[in-house]
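Residue numbers (the working numbering): 527 to 1487. For each residue, glycine too, the CB sits at the ideal point set by N, CA and C.
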Amino acid sequence: MAYPRSSMQKLCKRHAATATHRKIRPDGAPLRAEQPSIRELLEEKRKKRESGEQDKSRKAFGIRDLVRARSAGFKSEISKLTNDQYREVPIRERLREHFGSESTNQLLKSTLESQELQDNLKTQGASRDPANEDDIEGQDFSTAGLLEAVDHSFVVPLNQGDLVEYWPDAGERKTAIILSKPSTNTGKRYIIVTERGQIDYANPNRFRFVLQEFYTQSKINTDELLQQDDAALIPFRKAIKKFKEASSAFSTQNARLLNNIYDHLPQSLKRTSSIVSSVDICRKLFGETTQAQLHATFEALMRSRKHFLPDSTLHMSVPLFSTRDPKEIETLERVSLWTRKSSPEFTNFIDRARKIAAFGMRITTELSGTLRAVDSKIKFTKDDTLFINFMVKACLERVDRPETELYTTIVSTIVKALQFFPDQKADRSMVYASLKKLGILAPWDSNLRRLEAAALPGQGTSRQADQYLKYEKSHFAHNQVEDLTQLGLADQSESIRHDFGQMPVYAIDGAGASELDDGISIDGKWLHIHIADPSSFIRYGSKLADIAAFRQATVYAVDRNYPMLPSPLTMKHFSLGCSSANPAMTTSMLIGDQGQVEEVRIRPSVVRNIKRTTYEEVDQSVFALTSRSHIISELSVNWDSSSRHESYTRSDLTPLSHQDILNIKDIHYLLQSVRKQRILEGMIDFYNTDHQTRIQPDKLPDVKLDYTEPTFYAGRPGIETASISQSLSYSRNLVQEAAILTNGTIARYAAERQIPLIYRIMQFQLNASERAKVHAFRDQQGRVRLEDMQDLIHKLGAAHMSLEPGPADLLGLPHGYTHATSPLRRYVDMIAQWQIQSYLLKRPYEVDLKSVLPLLIRRGKAMKRVDSAASRHWLLQLLHQKMERGEEMRFDATVRANNPRLHHPSDAIIKSLSQRCLIRRHPTDPEMVVGSIVTVSVEELDLMDNVIYARRIDLPETPKS
């Protein structure tokens, strides 16, 4: 999850930054010096003031804190302090001028103790309530130190000699030492030696606990170990055994304390779900922390599934957990007891559920035609909703994480009692299907909106998300966003904006796009990339910035979008083309004859002549391509082709004149010369396929969040999906090249001027011969076929965020890359704009990137899962409807990984859909070759986890004996 950061926490971070950096030590040395609590920091500040010592951290108290102090009775006085004449005066001095020294101290105290700030801190696991706080073994369990540990938890790279603990498919925990990273022969799997002294392979997605540099790398020779007998592996087995014995002994000695960690947590962390660090808990429990102590604490938290849930980000440097909400714990205990005892509450629910399911069956079989919702006459009771919520929670548990399962193991009893699927295993898929039979989920429903990690607004999964949505609706409705000044949004860059006058700005996007981030202009050999500039109006640390930080990105889910920023605000003031004078952040680049960038100017700007057009219009009018030349394949079901999609009938599109066509051709020519330069730098591109998915009707019936009212649906939504080749659409190539050029230029600009920025690193792990082999696969445009790259694709390196500039090899950008071209829909792009803006205005940098980055990484992994689920969900719904109609679906697939085990499917990519599928092998089928293309038929769909199962149909029939 991503959490907004308060000024008080920034203050804590500055003090915590002076402490010794945490490092796990096997010799028992302290991991980190004790961190001061919030109240200790305040006391330190008070003493400095009394002694006359200058308080260098006074800027920690900003306008946000003053606004929060309105509840303390200073509303009218505070409004006076926001005038322009005070803008350059430090906050503390403004307070003293109006209230005097004593009143100032009282105001700050009131501000810090305000309920809003306490709630904000509490949401992040950072608040503290001394009156209700229990000490552990005499230790001051301050959550300030815990927050520091959380914010410094990164995904760590895995190396030779690291000790890992993981849960394979069978669910039995294993401990091992990494012998080798993934290679051509192992795919994504690591070669490990287990605690039994056996060589094995493991997927890093299974790793839950990592100790770096556990075993000296100089003692590891993988080639020799793989060729020798078990005797060569004895030292590894002994090292693991010694470690586990130490951990076990420590657990036994401290069993009472370790088995009751939750009982000793401060009340501030138990009032609601909070993020906690196993390392910090260990330090608070035992002071000095050894590897064995850390592992014992980690194991104790893993055992306490009722109270703690492991963080969704894998192999963290600091293992994180979230505490379960106390209401959830209470429900767990109650429903478990009712189910186990077959209580009247349980039997009444089962009887009612069967009657409701029978009603739903009649509705779905007797009614057809237009999609519509029908409410059940029988309602569920309040007690019934506890069982239903239990089933929903079971659906959300990760199938690839047996170690975190809690609901699934209990809910099987409920599913068996319902008897909807008596001949099938009561697993998560059956729970999911049962909820649809009960009218709780719509037939097309996705778990996407219920994922707690997604924290989508209005879905009841996140209290903070719903509070932000309520605030957004009350402050940024369409009739409330006419005047930015009334919203407190002033243009911070107004004094340095460059006016581009009537220079044409081409905003090229999909026909359904409503918020335009970017536009392109050309002036000779100067390319101007204009990016929407919300960050000059939305100050870092403001409420709107907090909302954007929490959401991180806009979620596009076909049936509904969840915008990062309030749509009425962005569409009225920030989207390009929304007014006659559009604020932008413009990157201007002089392109040389060989495609090199010779000169760069970055400046806030005003653009006035926005020419809104679409990919299809540019392809046809500029490049003489047909409207369907870029479409590889189309699939549809229940689709009315005579009905026009609302977003595809727009009136705000600008017809392209002859001069516009010439300008866009010149832009294309310059960008192609830049691409050639990237090819020379080693760029590798793929024949990528995008998907456009539409549904009918545009707006589906709302799925109720109230579980007492079952709803069933007659008819099914129409679905159409088109696979689009990027390489066959010049307009899409043009926009993509402009974005890559701009992001790469901004990254280099920032690195050369030492502007703090979040970079995106993509570094090859290829040696010279492998690099030459890859380059030989490329065509003139630098593209390679996926099937040619299967044995080397794992060596291209995974992209990751960094505070230090580094190469983006995949893009052919040796000087680095960042994200800065989509600030209306991505928070990290807003951060880039704030940093550039501070540099141009010669102001201090406000964003503490070191504390923000871990939150971005964790939230980014959650959002990646959400995006993946959203893109696959409707495709599988389409395939499911076709299967219900008895249609056979055949596709060509590229084998990505062959699993030699007969009962384990092989991994492949369906080429026309760009979707992963698992190919099941029959006993007579030969093993598949990685990179080969096979013909498959869809055999089964897992709508719960969006998995496509297929079988090969391109094999000759085996003659009958």
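Exercise. Would you list the residues sitting across from ASP1468 in a DSSP beta bridge?
Key: One-based indexing of the sequence shown puts residue 1468 at position 942. According to DSSP, ASP1468 bridges with VAL1473.
Quiz item: SER1131 by DSSP, collapsed to three states: which one?
Solution: By 1-based counting over the sequence shown, the position of residue 1131 is 605. Here SER1131 sits in strand by DSSP.
Practice problem: Reducing DSSP to helix, strand and coil, say where ALA1298 ends up. | Solution: Counted from its first residue, the sequence shown places residue 1298 at position 772. ALA1298 falls in the helix class under three-state DSSP.
Practice problem: Find the nearest neighbour of GLU978 within the set LEU1254, VAL1300 and SER988, judged by alpha-carbon distance. | Solution: Taking the sequence shown and counting its residues from 1, the one referred to as residue 978 is at position 452. Looking at the Cα atoms, SER988 is the closest of the given residues.
Practice problem: Report the rounded CA-to-CA distance for ARG831 versus GLU931, giving the unit in angstroms. | Solution: Looking up residue 831 in the sequence shown gives position 305. Looking up residue 931 in the sequence shown gives position 405. In a straight line, the C-alpha of ARG831 is about 8 Å away from that of GLU931.
Quiz item: How many Å lie between MET1090 and LEU982 at the Cα?
Solution: Locating residue 1090 in the sequence shown gives position 564, where the first residue counts as 1. Locating residue 982 in the sequence shown gives position 456, where the first residue counts as 1. Cα to Cα, the separation comes out at about 10 Å.
Quiz item: Out of curiosity, what's the CA-to-CA distance linking ASP1009 and ALA1107?
Solution: For this step, residue 1009 is matched to residue 483 along the sequence shown. For this step, residue 1107 is matched to residue 581 along the sequence shown. Taking the straight line from one Cα to the other gives about 14 Å.
Exercise. Report the residue from VAL1310, GLY1270 and ASP1228 whose alpha carbon sits nearest the alpha carbon of VAL900.
Key: For the purposes of this step, residue 900 is taken as residue 374 along the sequence shown, with counting starting at 1. The residue with the shortest Cα to Cα distance from VAL900 is ASP1228.
Quiz item: ASN785: which of LEU684, CYS808 and GLN1122 sits nearest, CA to CA?
Solution: Taking the first residue of the sequence shown as position 1, residue 785 is located at position 259. Closest by alpha carbon: CYS808.
Quiz prompt | Short Cβ contact (8 Å threshold) for ARG975 with GLN990 | solution = Translated into the one-based positions of the sequence shown, residue 975 becomes position 449. Translated into the one-based positions of the sequence shown, residue 990 becomes position 464. The answer is no: Cβ separation not under 8 Å.
Quiz item: According to DSSP, is ARG1220 helix, strand or coil?
Solution: The count along the sequence shown starts at 1 and reaches residue 1220 at position 694. Looking at ARG1220 - three-state DSSP - the assignment turns out to be strand.
Self-check item: Same chain, Cβ closer than 7 Å to HIS833, five either side skipped, listed in chain order
Solution: The sequence position of residue 833 within the sequence shown is 307, counting from 1. Here the set comprises TYR788, THR849, ARG850 and ILE855.
Self-check item: Straight-line Cα distance separating ILE1048 from PRO1340
Solution: Taking the sequence shown and counting its residues from 1, one reaches residue 1340 at position 814. Taking the sequence shown and counting its residues from 1, one reaches residue 1048 at position 522. Answer to the nearest angstrom: the Cα atoms are 26 Å apart.
Quiz item: Does SER1249 come within less than 8 Å of chain B when only Cβ atoms are used?
Solution: Here chain B cannot be found, since the structure has a single protein chain.
Exercise. Check the DSSP bridge columns for CYS1443 and list the partner residues they point to.
Key: Locating residue 1443 in the sequence shown gives position 917, where the first residue counts as 1. Note: CYS1443 sits in a beta bridge opposite ALA1434.
Quiz prompt | C-alpha distance - ASP1451 paired with LEU1405, whole-angstrom precision | solution = Position 925 of the sequence shown, counting from 1, holds the residue named residue 1451. Position 879 of the sequence shown, counting from 1, holds the residue named residue 1405. Answer to the nearest angstrom: the Cα atoms are 25 Å apart.
Self-check item: Range covered by the beta strand (DSSP E) that runs through VAL1455
Solution: Against the sequence shown, residue 1455 aligns to sequence position 929. Neither: VAL1455 is in no beta strand (DSSP E) and is coded neither H nor E.
Self-check item: Spatial distance of ASP1119 from SER1199 (CA atoms)
Solution: The residue you call residue 1119 lines up with position 593 of the sequence shown. The residue you call residue 1199 lines up with position 673 of the sequence shown. Rounded to the nearest angstrom, the two C-alpha atoms are 8 Å apart.
Exercise. Could you pull out every residue in the same chain whose Cβ sits closer than 6 Å to the Cβ of ASN1087, ignoring the five residues on either side in sequence?
Key: Here the question's residue 1087 lines up with position 561 in the sequence shown. Counting only Cβ-Cβ distances below 6 Å, and skipping sequence neighbours, we find nothing.
Quiz item: Would you call LEU863 buried or exposed, if buried means 16 or more other Cβ atoms sit within 10 Å of its Cβ?
Solution: Against the sequence shown, residue 863 aligns to sequence position 337. Under this definition LEU863 is an exposed residue.
Self-check item: Those runs of the alpha helix (DSSP H) which lie wholly inside the stretch 1366-1430 and span at least 4 residues
Solution: 1375-1410
Self-check item: Own chain, CB closer than 7 Å to ASP1192, minus 5 neighbours either side, in chain order
Solution: Looking up residue 1192 in the sequence shown gives position 666. Excluding sequence neighbours, ASP1192 sits near ILE1048.
Quiz item: Where GLU1278 and LEU1053 are concerned, what is the direct C-alpha to C-alpha distance, given to the nearest angstrom?
Solution: Within the sequence shown, numbered from 1, the residue matching residue 1278 stands at position 752. Within the sequence shown, numbered from 1, the residue matching residue 1053 stands at position 527. Approximately 21 Å, taken between the alpha carbons.
Quiz item: Is the Cβ-Cβ distance between PRO1349 and ASP1043 less than 8 Å?
Solution: For this step, residue 1349 is matched to residue 823 along the sequence shown. For this step, residue 1043 is matched to residue 517 along the sequence shown. Yes. Within cutoff.
Practice problem: Assign GLY1067 to buried or exposed, taking buried as 16 or more other Cβ atoms, counted over all protein chains shown, within 10 Å of its Cβ. | Solution: Indexing the sequence shown from 1 puts residue 1067 at position 541. Looking at its Cβ environment, which holds 16 or more other Cβ atoms inside 10 Å, GLY1067 is buried.
Quiz prompt | Backbone secondary structure at LEU1254 - three-state DSSP | solution = One-based indexing of the sequence shown puts residue 1254 at position 728. LEU1254: helix per DSSP, three-state reduction.
Quiz prompt | Buried or exposed by the 16-neighbour rule on C-beta atoms within 10 Å, applied to LYS1490 | solution = Since the first residue shown for the chain is 527 and the last is 1487, residue 1490 is missing from the structure and cannot be characterised.
Quiz item: Among residues of its own chain, excluding the 5 on either side of LYS1390, which ones have a beta-carbon nearer than 8 Å to its beta-carbon?
Solution: For the purposes of this step, residue 1390 is taken as the residue at position 864 of the sequence shown. Closer than 8 Å at the Cβ level, and outside the excluded window around LYS1390, lies no residue.
Quiz item: So what does DSSP say about PHE1149, is it helix, strand or coil?
Solution: In the sequence shown, residue 1149 corresponds to position 623, counting from 1. It is coil, neither helix nor strand.
Quiz item: How big is the Cα-Cα spacing for PHE872 and LYS796?
Solution: As a working note, residue 872 is residue 346 in the sequence shown. As a working note, residue 796 is residue 270 in the sequence shown. Going by the C-alpha atoms only, they are around 29 Å apart.
Quiz item: Does the beta-carbon distance from THR1215 to SER1440 come in below 8 Å?
Solution: As a position in the sequence shown, residue 1215 is number 689, starting the count at 1. As a position in the sequence shown, residue 1440 is number 914, starting the count at 1. Against a cut-off of 8 Å, the Cβ pair of SER1440 and THR1215 comes out as a contact.
Practice problem: List the residues that DSSP assigns as beta-bridge partners of LEU854. | Solution: In the sequence shown, counting from the first residue as 1, residue 854 sits at position 328. This sequence places Glu at residue 854; Leu is not what is there. GLU854 is not bridged to any residue.
Quiz item: Counting along the chain, where does the beta strand (DSSP E) carrying PRO836 start and finish?
Solution: Along the sequence shown, one-based indexing puts residue 836 at 310. Per DSSP, PRO836 belongs to the beta strand (DSSP E) from 834-836.
Quiz item: If you draw a straight line from the C-alpha of ALA884 to the C-alpha of THR1234, how long is it?
Solution: Position 358 of the sequence shown, counted from the start, is the residue given in the question as residue 884. Position 708 of the sequence shown, counted from the start, is the residue given in the question as residue 1234. If I take the Cα positions, the gap works out to 17 Å.
Practice problem: Give the DSSP-derived three-state secondary structure of HIS821 in the structure shown. | Solution: Taking the sequence shown and counting its residues from 1, the one referred to as residue 821 is at position 295. It is helical.
Quiz prompt | Where PRO1030 sits in the DSSP three-state scheme | solution = Reading the sequence shown from its first residue, position 504 is the one you call residue 1030. Of the three classes helix, strand and coil, the one that applies to PRO1030 here is strand, per DSSP.
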